[in-house]
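Undergrad: Sharing a structure, written as structure tokens. Questions coming.
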Amino acid sequence: MGRRAQRNDPDGLRNAIIDQAFEAFTVHGFGSTSIGDLKAAMGVSGGAFSHHFPTKKALGLAVIRERVAASIEATWIDPLRRAPSAISGLDAVFLSVIDELDANGKVSGCPLGNLAVELSRQDDDLRLEMDAIYARWRAVIAERLPHRASEDPAGPGDADGLATLVVATFTGGITMAKASQTSEPLRRSWQRLRSLLAAS
């Protein structure tokens, strides 16, 4: 549901527009959401809207930088950095997301993944912003994983490779969960990956 923002609070209006666009873009799609849809949902005039975001691309960049990146920080990066170990942190993240999906009774997918699938071939600026979020996500996971010397560059000591596997497992699992509308694909993916990480 839209919100009617305060006209005398420019920062509040800007944030409200980004919030509304984040929900619309990540759930319904960037291409399926028009600026007119957002203005109508919020009760905002064209002039007030375009003052903050003269183009849809400008709004898309703001959503990625200020909401999508923040969602990865809150869901993944902060819990991982607080956790006593990589496995316990990853366990907490995966199980928290699974519990949330079960509680909601529906699966909308990963906001970053949804936009990456839709937009990466459409606009390089949007793609690069999303690629940077993925890179940070992987880097933080790699920081927490054990770094052990290994003759095999893809062996147990390859923290960067394992971090990429973690992100790929999550994004693939939640995409399959979106298709099935059940958390089971994500749950099973994590159970298998957890066993592999524990044995590495």
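full-length UniProt numbering puts the sequence shown at residues 1 to 200.
Heads up, the beta-carbon is just placed ideally off N, CA and C, and yes, glycines get one too.
Predicted model only: the values in this text are computed from it and were never measured.
Looking at the secondary structure, which residues open and close the alpha helix (DSSP H) in which A74 lies?
TA: Segment: none, A74 is in no alpha helix (DSSP H) and carries neither H nor E.
Undergrad: With burial defined as no fewer than 16 other Cβ atoms inside 10 Å of the residue's Cβ, what is the status of K106: buried or exposed?
TA: Exposed: under 16 other Cβ atoms inside 10 Å.
Undergrad: Going by CA-CA distance only, name the one from V97, S200, S195 that's closest to A177.
TA: With distances taken between Cα atoms, A177 lies closest to V97.
Undergrad: Return the Cβ separation of W190 and W137 in integer angstroms, given the expectation that the two are a contact with Cβ distance under 8 Å.
TA: That pair is no contact at about 16 Å.
Undergrad: Going by Cα to Cα distance, which pick from A159, D102, A116, A21 is closest to A58?
TA: It is A21 whose Cα lies nearest to the Cα of A58.
Undergrad: Considering only residues of the UniProt DNA-binding region "H-T-H motif" (34-53), which uninterrupted alpha helix (DSSP H) runs meet the minimum length of 4 residues and lie entirely inside it, listed in chain order?
TA: Counting whole runs of 4 or more residues, the UniProt DNA-binding region "H-T-H motif" (34-53) contains the alpha helix (DSSP H) stretches 35-42, 46-52.
Undergrad: Do P84 and V93 have their C-beta atoms closer together than 7 Å?
TA: The answer is no: Cβ separation not under 7 Å.
Undergrad: For A154 and M42, what's the separation of their Cα atoms in angstroms?
TA: Because A154 sits at a pLDDT of 44, beneath the cut-off of 50, its placement in the model cannot be relied upon, and the following sentence gives the value as read from the coordinates. Going from the Cα of A154 to the Cα of M42 covers about 50 Å.
Undergrad: Which first and last residues belong to the alpha helix (DSSP H) in which G12 is found?
TA: Note, G12: alpha helix (DSSP H), 10-27.
Undergrad: Here's the rule: buried if 16 or more other CB atoms are within 10 angstroms of the residue's CB, otherwise exposed. What is S32?
TA: Counting Cβ neighbours within 10 Å, S32 comes out exposed, since fewer than 16 surround it.
Undergrad: Mark E23 as exposed unless 16 or more other C-beta atoms lie within 10 angstroms of its C-beta, in which case mark it buried.
TA: E23 is buried by the Cβ-count criterion.
Undergrad: Ignore the nearest five residues each way along the sequence and tell me which others in I72's own chain have a CB closer than 7 Å to its CB.
TA: Cβ neighbours of I72 beyond the five flanking positions: L112, I133, W137.
Undergrad: Just to check my reading of the structure: E129 and L61 have Cβ atoms closer than 8 Å, yes? What is that Cβ distance to the nearest angstrom?
TA: 6 Å between Cβ atoms; contact.
Undergrad: Using the three-state DSSP reduction, which class does D123 fall into: helix, strand or coil?
TA: Coil.
Undergrad: Thinking C-alpha only, which one of T164, I64, D160 is nearest L119?
TA: Of the listed residues, the one whose Cα sits closest to L119 is I64.
Undergrad: Measuring only the C-alpha atoms, how far is I35 from S180?
TA: Their Cα atoms are separated by approximately 31 Å.
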